[in-house]
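Asks: Numbering of the sequence shown is given in the working numbering, commencing with residue 2 and proceeding in unit increments.
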Amino acid sequence: MVQAVQRAVQILRELASTGPRLGVTELADRLGVAKPTVHALLRTLEAEGLVVQDRDSSKYQLGPHLVQLGNAYLDTQELRTRSLTWADQLANRTNEAVWVAVLTGDHVLVVHHAFRPEGAVQILEVGASIPWSTCALGKAIVAFLPAGERERLLAGEPAVLTGASITDPEELAGQLKEVLRTGYAFEDQESAIGDAGIASPVFDRSGGVVGALGIVGPVERLLAESARQELAVAVRETARNLSRDLGAPRGAVARATMT
Numbered sequence: 002m003v004q005a006v007q008r009a010v011q012i013l014r015e016l017a018s019t020g021p022r023l024g025v026t027e028l029a030d031r032l033g034v035a036k037p038t039v040h041a042l043l044r045t046l047e048a049e050g051l052v053v054q055d056r057d058s059s060k061y062q063l064g065p066h067l068v069q070l071g072n073a074y075l076d077t078q079e080l081r082t083r084s085l086t087w088a089d090q091l092a093n094r095t096n097e098a099v100w101v102a103v104l105t106g107d108h109v110l111v112v113h114h115a116f117r118p119e120g121a122v123q124i125l126e127v128g129a130s131i132p133w134s135t136c137a138l139g140k141a142i143v144a145f146l147p148a149g150e151r152e153r154l155l156a157g158e159p160a161v162l163t164g165a166s167i168t169d170p171e172e173l174a175g176q177l178k179e180v181l182r183t184g185y186a187f188e189d190q191e192s193a194i195g196d197a198g199i200a201s202p203v204f205d206r207s208g209g210v211v212g213a214l215g216i217v218g219p220v221e222r223l224l225a226e227s228a229r230q231e232l233a234v235a236v237r238e239t240a241r242n243l244s245r246d247l248g249a250p251r252g253a254v255a256r257a258t259m260t
């Protein structure tokens with residue numbers, strides 16, 4: 002790998018994860034890199050619009066050109082493009098917000114967000130990155146990965162975002178088996194207190210899982226005994242239709258619609 006490129010990426014990741022603004026000294030300490038090196042990298046990133054410097058504090062934050070790069074990535078995502086109509090339909094059917102996500106490393110990345118039709122002011126969550134084990138979207142994807150990939154993720158360091166985050170690999174493995182059986186996954190305040198999620202896997206023409214589609218909202222609304230099963234079936238049916246739209250073979254779709 003090219004060290005300068007690697008360090009520049011590390012700077013961007015630090016600004017993205019710990020921002021909003023960091024100075025040269027802070028970044029140098031976090032990365033273990035000499036301040037002159039960090040300063041030179043920041044100047045280059047600034048010239049390309051990838052970071053900007055705050056005039057008052059002289060600290061740096063992410064720049065506007067990253068939005069263009071992110072949008073360019075989203076435009077190449079067939080899953081996102083195909084999901085637009087289906088996500089809107091599911092949002093209207095359930096009156097809940099809908100997220101579509103892909104797996105990147107040990108996190109899921111939200112690539113599309115359909116707002117809750119009757120909600121108040123809502124924040125667009127496209128680009129949000131969430132540990133796979135703390136959300137229904139992640140569980141829905143990982144459950145249908147090849148066994149080797151699934152075991153590797155289960156063996157990783159568990160993420161803890163709330164007191165409800167699951168840290169026992171055996172408990173997680175048990176949940177994934179249930180997802181394989183039913184075709185949908187639940188999330189109960191594991192990534193944010195008060196929030197819940199229900200998600201199902203999405204497959205493409207290769208027959209492999211390429212992402213997940215799900216609803217998110219208050220736990221008392223999504224996981225109420227009177228509603229959770231009906232909502233789960235709606236999510237699963239929509240994910241199945243999206244998979245068919247992506248050209249998934251019948252056998253792959255059937256794997257996630259067993260009950």
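Beta carbons are placed, not taken as given, at the ideal position from N, Cα and C, and that holds for glycine.
#1: Name the DSSP beta bridge partners of H108, please?
#2: Taking the alpha-carbon positions, what's the G175 to A186 distance?
#3: Buried or exposed for R237, please, with buried defined as at least 16 other CB atoms from any protein chain shown within 10 angstroms of its CB.
#4: So for A200, helix, strand or coil by DSSP?
#5: How far does the beta strand (DSSP E) with P21 in it reach, from first residue to last?
#6: By DSSP's criteria, V99 is part of a beta bridge. Which residues make up the other side?
#7: If we count the other Cβ atoms within 10 Å of its Cβ and call it buried at 16 or more, is I194 buried or exposed?
#8: Is the segment 224 to 235 touching the segment 114 to 127, taking contact as three or more C-beta pairs under 8 Å?
#9: So, are the CB atoms of Q180 and S244 less than 8 Å apart?
#10: Taking contact to mean 3 or more Cβ pairs, one atom from each stretch, closer than 8 Å, check whether the segment 40 to 56 and the segment 76 to 86 are in contact.
#11: For Y1, which beta-bridge partners are listed by DSSP?
#12: First and last residue of the beta strand (DSSP E) that includes H189?
#13: Please report how far the alpha carbon of L224 lies from the alpha carbon of L42, in whole angstroms.
#14: Less than 8 Å between the beta carbons of S201 and A141, yes or no?
#15: Based on the DSSP secondary-structure assignment, which residues constitute the bridge partners of V10?
#16: Leaving out five residues on either side along the sequence, give the residues of the same chain with a beta carbon under 7 Å from the beta carbon of D205.
#17: For V210, which beta-bridge partners are listed by DSSP?
Replies: Straight from the coordinates:
#1: T105 and P132
#2: 12 Å
#3: buried
#4: strand
#5: No beta strand (DSSP E) contains P21, which DSSP labels as neither H nor E.
#6: A115 and I216
#7: exposed
#8: no
#9: According to the sequence as given, residue 180 is Val; it is not Gln. Not closer than 8 Å, so no.
#10: no
#11: No answer is possible for residue 1: it lies beyond the span of the chain, which begins at 2 and ends at 260.
#12: Here residue 189 is Asp; the residue named in the question, His, does not match the sequence. Its beta strand (DSSP E) spans residues A186 to D189.
#13: 48 Å
#14: yes
#15: Partner(s): none; V10 has no beta bridge.
#16: V211, L247, G248 and A249
#17: F204
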